[in-house]
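Here the protein sequences come in this chain order: A and B. Residue numbering for the first sequence follows our numbering, starting at 8 and increasing by one per position. Residue numbering for the second sequence follows our numbering, starting at 2 and increasing by one per position. We put the beta carbon where it would ideally sit given N, CA and C, even for glycine. This one's a predicted model, so the numbers in the text were calculated from it and none came from an experiment. Everything below concerns the one structure shown next.
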Amino acid sequence: MKISGNIWKFGDDVDTDLIIPARYLNTSDPAELAKHCMEDADPAFAGKVGKGDIIVGGKNFGCGSSREHAPIAIKAAGVSCVIAKSFARIFYRNAFNMGLPILECGDTDRLETGGSLTVDFDTGEIVRKESGETFSTRPIPPFMQELVKSGGLMKHIQKNLKI
Amino acid sequence: MGMTITEKILAARAGQEKVVPGDLINADVDIALGNDITAPIAIRQFRESGAEKVFDKDRVILVPDHFVPNKDIASAMQAKELRDFAKEQELTWFFDAGEMGVEHSLLPEKGLVLPGDLVIGADSHTCTYGGLGAFSTGIGSTDLAAAMIRGKVWLKVPESIRFVYKGTLSPWVEGKDLILYTIGDIGVDGALYMAMEFTGPVIEQMGMAGRLTMANMAIEAGGKNGIIAPDAETESYVSPRAVRPYKNYRSDEDAVYAKVIEYDVSNIEAQVAFPHLPENTRGISEVGEIIIDQAVIGSCTNGRIEDMRSAAAVLKGKKAAKGVRLIIIPSTPCVYNTALKEGLFEIFTQAGAIISPPTCGPCLGGYMGILAKGERAVATTNRNFVGRMGHPESEVYLSNPAVAAASAVLGKIGSPDEL
Numbered sequence: 008m009k010i011s012g013n014i015w016k017f018g019d020d021v022d023t024d025l026i027i028p029a030r031y032l033n034t035s036d037p038a039e040l041a042k043h044c045m046e047d048a049d050p051a052f053a054g055k056v057g058k059g060d061i062i063v064g065g066k067n068f069g070c071g072s073s074r075e076h077a078p079i080a081i082k083a084a085g086v087s088c089v090i091a092k093s094f095a096r097i098f099y100r101n102a103f104n105m106g107l108p109i110l111e112c113g114d115t116d117r118l119e120t121g122g123s124l125t126v127d128f129d130t131g132e133i134v135r136k137e138s139g140e141t142f143s144t145r146p147i148p149p150f151m152q153e154l155v156k157s158g159g160l161m162k163h164i165q166k167n168l169k170i
Numbered sequence: 002m003g004m005t006i007t008e009k010i011l012a013a014r015a016g017q018e019k020v021v022p023g024d025l026i027n028a029d030v031d032i033a034l035g036n037d038i039t040a041p042i043a044i045r046q047f048r049e050s051g052a053e054k055v056f057d058k059d060r061v062i063l064v065p066d067h068f069v070p071n072k073d074i075a076s077a078m079q080a081k082e083l084r085d086f087a088k089e090q091e092l093t094w095f096f097d098a099g100e101m102g103v104e105h106s107l108l109p110e111k112g113l114v115l116p117g118d119l120v121i122g123a124d125s126h127t128c129t130y131g132g133l134g135a136f137s138t139g140i141g142s143t144d145l146a147a148a149m150i151r152g153k154v155w156l157k158v159p160e161s162i163r164f165v166y167k168g169t170l171s172p173w174v175e176g177k178d179l180i181l182y183t184i185g186d187i188g189v190d191g192a193l194y195m196a197m198e199f200t201g202p203v204i205e206q207m208g209m210a211g212r213l214t215m216a217n218m219a220i221e222a223g224g225k226n227g228i229i230a231p232d233a234e235t236e237s238y239v240s241p242r243a244v245r246p247y248k249n250y251r252s253d254e255d256a257v258y259a260k261v262i263e264y265d266v267s268n269i270e271a272q273v274a275f276p277h278l279p280e281n282t283r284g285i286s287e288v289g290e291i292i293i294d295q296a297v298i299g300s301c302t303n304g305r306i307e308d309m310r311s312a313a314a315v316l317k318g319k320k321a322a323k324g325v326r327l328i329i330i331p332s333t334p335c336v337y338n339t340a341l342k343e344g345l346f347e348i349f350t351q352a353g354a355i356i357s358p359p360t361c362g363p364c365l366g367g368y369m370g371i372l373a374k375g376e377r378a379v380a381t382t383n384r385n386f387v388g389r390m391g392h393p394e395s396e397v398y399l400s401n402p403a404v405a406a407a408s409a410v411l412g413k414i415g416s417p418d419e420l
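Right, here's the structure in full:
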């Protein structure tokens, strides 16, 4: 599975309150959450981000709360993948459970907003389209890609139960 | 090779004799917890899955504490989803407004979470129960839905860091300060994916309130869980309340740790975490002049009766400075009633404080004390992220209850010694 999109770069320790502030947690409607995605880091983000775009972060992305609204907001905003040096543990689990692929890559300092990337989940190869420069990450194992394709863990379970 | 307390609990719940860090286990859940923000998603997933009954109506606990009493129509709808589900599923432990308290204060107080338990909760501060000697960790709504159905959770066995606290605590220094100092030392991802085991003579002499506060903030260092071995202090707290049998575990002498970190607490002063990360800690003497608009004393971190007493000891006969809104939130009905009986409310109201019913409220910027642009608060809560208590350009400084109370009186962040 391959995806490509524009880079939106954020720093270290992007917390779940930045991803989706708690003042919007009186709903879990994906479209409503998407409107406020990354709002306190960049109020214009939801208006700028395009379908398939990629969020790039530093270390400890998604730290803080256990709110699944965070990966829901990112995914519903159109983001196809998050790449960061490391992820907070609850966010990591929630992202795949919601069907949002996320990748660890130690090299994100070299990536900036404005560029675009192609990411191959099978090989773990990330290519900057403009320069052809490559970055490596670990491939996403097939069963985790299945989770993503199904749209999350619960949908995956339902799909398999029907077979 | 021995096992740590975390490994022993996980092994027991997975039905294995032994586990080592890195093992993936499918473990039995003693308690699965959700609140009014996270449970609605889990409940919808539960329904969509076709499941009809929760795995055990005594072991799925719902506490609508974040936006209850309902702050607006949308929150009211979410709380109603919990109420309807609890009724339909005949959940034994659903705490509606009136009985409701901040979940991580309420469950230990009610004897619902116990030493040796494996607790998962769709709330990151579920790690609090490690203070009782339980393995407990935060998960998302999907994992909660799966656990509500099957009573199981898959987990990776974490490596453990052993923290050893030695020396003598200075006046006004307590569990909150030790955990803030620790996070300041190792950073907000210093224990990422790991168990934080708090040990040493200072912990052994610490009361349950301080222990729960320390375990509560393990997540702020990225930890999977925080844990303290149960002892006589734990036993005296737990045995009168426990709703079911429990088992105490201790780490073996030859347990293996990824790291051992020792602190001499004699050199640690009361801590303040500056915006916008809990790791930005400074000793109270190095804070400088930080004028505040609001002081909040409450939350799952510091809303227990001991915290109320600590604030009252500082506030007695004093008044909050003009221009400072002092908000005090006893975290459960029991804390509320005890504070009332002990005469603490009189001290608080005479100090000009607003006393809120139990709720998470302002801690996560919900309601009951939201900050305007440019405003600053000192709070006994656990996070000071951008926009955490309101406007994205407001600021939150984290401290213990005595420092928050003193700061309210001083009008700026300071120590009770300055009063």
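Residue i, buried or exposed, once every other Cβ within 10 Å from all chains shown has been counted against 16
i: Val244/B; result: exposed
i: Lys177/B; result: buried
i: Thr143/B; result: buried
i: Asn303/B; result: buried
i: Trp15/A; result: buried
i: Gln272/B; result: buried
i: Pro172/B; result: exposed
i: Ser237/B; result: exposed
i: Glu280/B; result: buried
i: Asp73/B; result: exposed
i: Met8/A; result: exposed
i: Phe199/B; result: buried
Nearest residue (CA-CA) to residue i, options the options
i: Ser106/B; options: Arg305/B, Leu411/B, Ala373/B; result: Arg305/B
i: Arg117/A; options: Arg145/A, Gly131/A, Met151/A, Gly64/A; result: Gly64/A
i: Ala219/B; options: Glu419/B, Arg242/B, Glu234/B, Gly185/B; result: Gly185/B
i: Pro146/A; options: Cys44/A, Glu132/A, Asp36/A, Trp15/A; result: Glu132/A
i: Ala51/A; options: Lys9/A, Phe150/A, Ile26/A, Leu107/A; result: Ile26/A
i: Gly106/A; options: Ser93/A, Trp15/A, Phe98/A; result: Phe98/A
i: Thr382/B; options: Ala256/B, Val103/B, Glu270/B, Gly284/B; result: Val103/B
i: Ala352/B; options: Pro331/B, Arg377/B, Ala321/B, Leu341/B; result: Ala321/B
i: Val21/A; options: Ala312/B, Leu341/B, Leu278/B; result: Leu278/B
i: Glu394/B; options: Ala407/B, Val404/B, Ala378/B, Ala405/B; result: Ala378/B
i: Ile204/B; options: Ala230/B, Leu193/B, Ala192/B; result: Ala230/B
i: Leu110/A; options: Ala91/A, Asn167/A, Glu39/A; result: Ala91/A
Sequence-distant residues of its chain with Cβ nearer than 6 Å to residue i (five each side left out)
i: Arg74/A; result: Thr23
i: Gly59/A; result: Gly12, Ser87
i: Ser72/A; result: Thr23
i: Gly112/B; result: Arg242, Ala243, Val244
i: Ile42/B; result: Ser142
i: Glu91/B; result: Lys58
i: Met197/B; result: Ile162, Ala219, Gly224, Gly227
i: Ala403/B; result: Trp173, Ser311, Val315, Pro417
i: Pro37/A; result: Ile79, Ala83
i: Asp19/A; result: Gly65, Lys66
i: Val261/B; result: Arg163
i: Lys42/A; result: Ala53
i: Ala373/B; result: His392
Supposed contact pair residue j and residue i - C-beta distance, whole angstroms, cut 8 Å
i: Val89/A; j: Ala80/A; result: Incorrect: roughly 12 Å between the Cβ atoms, too far for contact.
i: Pro358/B; j: Pro70/B; result: 7 Å
i: Glu18/B; j: Val158/B; result: Between Val158/B and Glu18/B the Cβ distance is about 13 Å, and since that is not below 8 Å, they are no contact.
i: Met161/A; j: Glu49/B; result: 7 Å
i: Asp265/B; j: Gly223/B; result: That belief does not hold up - the Cβ atoms of Asp265/B and Gly223/B are roughly 24 Å apart, past 8 Å.
i: Asp294/B; j: Arg326/B; result: 7 Å
i: Gly370/B; j: Ile414/B; result: The Cβ separation is near 17 Å, so there is no contact.
i: Asn39/B; j: Leu145/B; result: Checking the displayed sequence, the identity of residue 39/B turns out to be Thr instead of Asn. Confirmed, about 7 Å.
i: Ile348/B; j: Lys323/B; result: Rounded, the Cβ-Cβ distance is 19 Å, inconsistent with contact.
i: Asp118/B; j: Ile32/B; result: 6 Å
i: Arg14/B; j: Asp29/B; result: 5 Å
Cβ-based neighbour list, residue i, same chain, cut-off 8 Å, excluding 5 preceding and 5 following
i: Pro276/B; result: Asn385, Val387, Glu396, Val397, Tyr398
i: Lys319/B; result: Ala352, Val410, Leu420
i: Ala210/B; result: Gly176, Arg305, Ile306, Glu307, Asp308
i: Lys54/B; result: Gln90
Cut-off 7 Å between Cβ atoms - residues of its own chain near residue i, not counting five sequence neighbours on either side
i: Cys128/B; result: Ser137, Thr138, Gly139, Ala216, Asn217, Ala219, Ile220, Gly224, Asn226, Gly227
i: Glu263/B; result: Val165, Lys167
Near the ligand ATP: residue i beta-carbon under 7 Å from a heavy atom
i: Glu234/B; result: This structure lacks the ligand ATP, and indeed carries no ligand of any kind.
Only counting runs of 4 or more residues, tell me where the alpha helix (DSSP H) segments fall wholly within the segment 27-67 of chain B, in order along the chain.
-> 40-49
Any alpha helix (DSSP H) of 4 or more consecutive residues that is wholly inside the segment 332-359 of chain B = 334-342, 345-351
Every unbroken alpha helix (DSSP H) inside the segment 53-130 of chain A [4 residues or more] | 76-83, 96-104
Which runs of the alpha helix (DSSP H), 4 residues or longer, sit entirely within the segment 84-135 of chain B?
-> 104-110
Ignoring anything shorter than 3 residues or poking outside the segment 190-260 of chain B, list the beta strand (DSSP E) runs there in chain order.
-> 196-200, 226-228
Enumerate, from N- to C-terminal direction, the unbroken alpha helix (DSSP H) stretches of 4 or more residues contained entirely within the segment 299-338 of chain B.
-> 300-303, 306-316
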